[in-house]
Every structure is written in structure tokens, then in C-alpha cells.
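As C-alpha cells, the structure follows; a few thoughts come after it.
Protein chains in written order, with this note's numbering: chain R, 59 to 389; chain P, 1149 to 1441.
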């Protein structure tokens, strides 16, 4: 009951803050929040691989890019294509990309996995750069209409209104993150954690390790694709450097590391720290990446595992001290 | 010589030049990986840093030859500092490979941004020294002297590296450490110092490649992008820690690149990654690799 009440309070606070934010902060800051929500969804989808499957992907931008390009191309070529189908199709396309690559990806782990995903990510980047008649190359796809969200019989929401779009993004991202959260609690999700900890043993128990991994790649790809689609809807332009560059793969890794590796909600905290910090630094210098890079090194060296672990360590130390003190009192 | 043959030979030498540069970068990377188990994502950044050092030294002294000596040494020193004060620390944390990958990723970011902050984002020209300008005629084929100089320089360094590795006591220790570093450490060898040396030499070699490439490619912030990714492909495909693999695959990639640009210009950059994906799918440890770390 205690946990239920705590969760309820957290949800109420979250909804109140998220709901009030655009009215308090103004349009510019609201757009930063849209970026944050999209980025958090992207980071959490990558975290499914990094923290729950135990593989480090350097090419997650591939899925993000597939999602973004799918949305952009659909809206550009098909007149009046509705919003939600575009979003879902983008996710499905990215998930399909994950499935297609999975026969190769499931065979390797560790550094080889990191390098293979890096290779696929770069492959996609170069392909999109070179086939400019489809993707527009460096210039990208732009000038497509952002469709309104039609709820039959209720309303038609204009997505060009930044406050409306903010609410839409937050809802999509929260739903996506919740689905991934519940997935980690399912038996299948537990098998994935088992594969991370000891794949040989899971194999001997009769589970299909490679099939399971393929499913998680597809799932992670799906949500990365949704994040990419949101990016396409938000920016109104999709270019290779924006969605497929190798830095797009590196940023969520930084967010996971800064927030807390091995936890589910750490990456969201990390995304928040990274985006807000970048927004603040951008006001003073153009070289924001220099500062984030330095911060990143400091975090790796001094806060190994990220801020969530730092916090949990402090809580544990506090509790241990309280316990010791109470024992001393008893004695 | 018929024009077609001449074209093939010219492309082959082009490929050889790039393959040799690639080898200089990749050999340091693979040695560091083999010994320390660190895939140094910042390796190519040292290549770029050295090219900038070269530009700066040439700007001060007006001599490419002084730059050829000073810039790699400076880069090697930066490498040693990074190893001594950052990498050694993160290795103690017990994050495993993820820790190393992330730290070197951070270093790569910082170097690339620092370079932009100090030297700006525009590209800088480093002139080829007068003695290496012009063309030379070899067997009826004209060829730029500077590219031949790069091939020669790389061969000298390859020879020196081979001598150190296979003919000296230090090389013996390094080779032993590649196959089993705990055992070498147990025999009373000061492993941290050997690590530092290898890391320094590895970055120094990347530095030499950076200086050699500077006049050819001009110095700009994206200088290391292609060679960096190619070097990773070399290390992965050649087999982690295998010097032989690095030589063979570097030269092969150089030719693949060169002839790819000649025949299918649009897809040339894709070839390298397709090749790596293919190899990794069937030989996850690479051609000459003995273990998977």
C-alpha cells in the first residue's frame, strides 16, 4: 500500500509539473522539453540493450534515422497521411530494421558487437548521404506538412501549436517508456536479463537465446524509431547529419552513463541533465560539446555508473549510519 | 605501358599510400587493444591532433621536417598523460570494457572540440616541403614524390616496430603481455610502465601518420573521421591484437578504397563496412584473432 501511495504521489506530481510546464516556461523552454522527452525515449530504448541485454550499441542512430526518414518520406509523398499511423509505421520500420540485422547481431557480443553496430550505423549514414534522389542527401527531406491529430468526433489538434505538440510528445514518450518498463517485468524481459548475466545458463535452461535477443533488438529499434519519428515531426526537416550521424548514437550512451547504467530510470535523469546543461551552456559558448565531453569524462572517472548510483550509495550510507546509531543507542 | 594498365598501377599506388597510413594508425590501435584490452576510441583523434601540431610547428618554424619530429612526440606525450592519469584510473574502477570505451569516447569528444576551439573550424593548408614536391617517373609512369615518401616513411616505421617487437627484450615482454598479461606481471615485470610505453608509442605512430597526411589532406576538424573508422575496421577484421592482421587488412582496405572510388564511386565508402559486417558475421574474432574480448 505504501508503495502504491508513493507511486500515486509521484504520478500526480509528474503530471502536474509536466502539465503546467509549457504555461510557466514559455515557448522556447517548452521546445527544450519536447527535445528532452524525445531524447529520453531514445535513451531508454538504447538502455534496453545496454543495461538489460548487456551489449553496447554504437549504431543506435540507425533506428532513430529509419524512424525519422520513414515519417518524413511518408508525409512528403503521401498527401494528408494521418499522424498516428505515420508514427507507428516509423516505429515498425525501425523495428523491422532491427529484425533484419538481428541474424548478424546476435552472433557477437562485447567489443565486436559495438563495432558491428557502428559499421551498420555508418553504412546507413553513407547510404542516405549518397542516394540523394530518395533522401535528399545532406540537405535532407524538408517541407512536408505536419498532420493534425484527429480524434474522430472529439477534436482535431493542430500539431504546429508548440504547446499542443509538447503534450502530444509527452504522452507518446510516457506511453513508450511505460511499455518498455512493463516489458522488463514480463517473463520474457526476465529471460533477457538472464541472458545478460549468463547466456550459457539460459541456453541450457532451454530458452532460445538468439531469438530472444532478436526480439529485444526489434523492440528497442521500434521505440528508437518512434523517437526518430517525433524528431521528424518536431523539426520539420530530416537530414543525415541530424538523425544518422555517429554523434546521434553517442549522445544517448552519454545520457545513460551520466544518469545511471543498469537502472531503468537512470537514462531519463541523464537525458534531463544532458539536455538542460547543454541548453544552459549554449547561452555562453558555441562549444557546448567541449563542456559535455569534459563532464562525461569526469562522470566516468568519479561517478562510475552515474548519478542514480551515487544517490543510491548515499542513501545506503545514510541508512547504514542510522542503523548503526540505533544499535549504539540500544547498546 | 597502356593507359589502362597505367590507371590500374596508379590506383594501386594510391591505395598503397592510404593503406600504409592506415596501418600506422591501426597498428598502434591493435597493439593497445591486444595488451591492455582497451579499444581506444580516441586513437584517431590523436592522428588529427598531430596534424594540427604539425600545422602549428610549420607556422612557427617554417620547416616540415622539424614538424615531422616534434608533432608526433608531442602527440605521444599527450597519449602518455592520458594513459597515466585517465585510463589507468578508469581501469581500476572495474567497469570492464564499457568503462574504457566510454572514457576514450569522452576524450575523443574533448580533443575534437578543443581543436575546433583553438584552431577554428576552417581547414588549414600545410605545404609539401620543396624537396618532396613534384612528380617522379617510375617505369614510364609519373607519380607524386610525396606519396612515395609516405610509403617509404611507413616502411621505415614498420621496420622499426618489427625490430623492437621481435628483436629486443622489450618487444618480447610486449608480445608476451599480448598473450597473457597477468602471467607477465607475475614474473615481476612492471606492467603499468609497459602499458604506458605501448600507449605512448601507439599514439606516436598515429601522430606520424597525422603529420604525413597533413599536407595531402589539409588539416580540418573532420580529418580523422574516415581513417579512424577504417582503423577500427582493420583492428576488428584483422583480429584484436594481431599485428599481422593489421598489416594485411590495412593494405587490403587501402586498395578496396582506391579501386572502389575508381569503379563504383557512389558506394565506395560502403564497401569497407560491408566487408567488416561480412567478416564479423562469419568470423567474430577477425581473421588473425585468437580471442574475443
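By construction, the Cβ of each residue, glycine as well, lies at the ideal position given by its N, Cα and C atoms.
Counting only Cβ pairs nearer than 7 Å, list the residues of chain R close to residue i.
i	result
residue 1264(P)	345
residue 1308(P)	What residue 1308(P) touches in chain R: nothing, since even the nearest Cβ is about 28 Å away.
residue 1246(P)	114
residue 1414(P)	188
residue 1421(P)	177, 180, 181
residue 1377(P)	180
At a Cβ threshold of 7 Å, is residue i touching chain R?
i	result
residue 1425(P)	yes
residue 1418(P)	yes
residue 1228(P)	no
residue 1236(P)	no
residue 1231(P)	no
residue 1432(P)	yes
residue 1270(P)	no
residue 1187(P)	yes
residue 1467(P)	Chain P is shown from 1149 up to 1441; residue 1467(P) falls before or after that span and cannot be answered.
residue 1429(P)	yes
For residue i, decide whether its Cβ has a neighbour in chain P, counting only Cβ atoms nearer than 7 Å.
i	result
residue 188(R)	yes
residue 184(R)	yes
residue 317(R)	no
residue 170(R)	yes
residue 177(R)	yes
residue 180(R)	yes
residue 351(R)	yes
residue 162(R)	yes
residue 370(R)	no
residue 359(R)	yes
residue 332(R)	no
residue 295(R)	no
residue 166(R)	yes
Please list the partners that residue i has in chain P, where partner means a Cβ-to-Cβ separation under 9 Å.
i	result
residue 354(R)	1250, 1251, 1253, 1254, 1257, 1258
Nearest to residue i by CA position, among the options, is which residue?
i	options	result
residue 123(R)	277(R), 301(R), 360(R)	301(R)
residue 14(R)	289(R), 281(R), 247(R)	Limits of chain R in this structure are 59 at one end and 389 at the other, which puts residue 14(R) out of reach.
residue 355(R)	1227(P), 1251(P), 1371(P)	1251(P)
residue 234(R)	364(R), 328(R), 108(R), 287(R)	287(R)
residue 1271(P)	1189(P), 1398(P), 1263(P)	1263(P)
residue 324(R)	244(R), 377(R), 277(R), 363(R)	363(R)
residue 1382(P)	1421(P), 1347(P), 1338(P)	1421(P)
residue 119(R)	317(R), 305(R), 359(R), 332(R)	305(R)
residue 1164(P)	1234(P), 1301(P), 1238(P), 1180(P)	1301(P)
residue 1206(P)	1284(P), 1238(P), 1277(P), 1260(P)	1277(P)
residue 1370(P)	1400(P), 1194(P), 1154(P)	1194(P)
residue 311(R)	85(R), 328(R), 257(R), 299(R)	328(R)
residue 1374(P)	1336(P), 1419(P), 1315(P)	1419(P)
residue 1295(P)	1282(P), 1241(P), 1288(P)	1282(P)
residue 104(R)	359(R), 283(R), 379(R), 380(R)	283(R)
residue 1237(P)	1340(P), 1222(P), 1415(P), 1217(P)	1340(P)
If the cut is a Cβ gap below 7 Å, which residues of chain P does residue i touch?
i	result
residue 308(R)	1253
residue 338(R)	Near residue 338(R) there are no residues of chain P at all, since even the closest Cβ is about 17 Å away, more than 7 Å.
residue 348(R)	1258, 1261, 1262, 1265
Quick test of your reading: residue i and residue j, contact by CB under 8 Å. State the CB separation rounded to the nearest angstrom.
i	j	result
residue 313(R)	residue 101(R)	4 Å
residue 1219(P)	residue 1233(P)	Contact doesn't hold; Cβ gap of about 22 Å is too wide.
residue 90(R)	residue 274(R)	Not quite, the Cβ-Cβ distance comes to about 31 Å (not below 8 Å), so this is no contact.
residue 316(R)	residue 331(R)	6 Å
residue 1386(P)	residue 1436(P)	6 Å
Is residue i close to the ligand SAM? I mean its beta-carbon at under 6 Å from any heavy atom of the ligand.
i	result
residue 275(R)	Among the components of this structure there are no ligands whatsoever, and the ligand SAM is therefore not found.
Residues of chain R with CB under 9 Å from residue i, in chain order?
i	result
residue 1380(P)	173, 176, 177
- So does the stretch 1391-1409 of chain P actually touch the stretch 138-155 of chain R, counting three or more Cβ pairs closer than 8 Å? no
- Message: Three or more C-beta pairs under 8 Å: does that hold for the stretch 339-352 of chain R against the stretch 286-301 of chain R?
- Response: no
- Query: Should the stretch 103-118 of chain R be called in touch with the stretch 164-182 of chain R, which here means at least 3 C-beta pairs below 8 Å?
  - Reply: yes
- Query: Three or more beta-carbon pairs under 8 Å between the stretch 1351-1365 of chain P and the stretch 1169-1187 of chain P, yes or no?
  - Reply: yes
- Task: Please determine if the stretch 202-212 of chain R and the stretch 130-148 of chain R are in contact, where contact requires at least 3 C-beta pairs separated by less than 8 Å.
- Result: They touch, by the three-pair rule.
- Between the stretch 1334-1354 of chain P and the stretch 1318-1325 of chain P, do three or more beta carbon pairs fall short of 8 Å? yes
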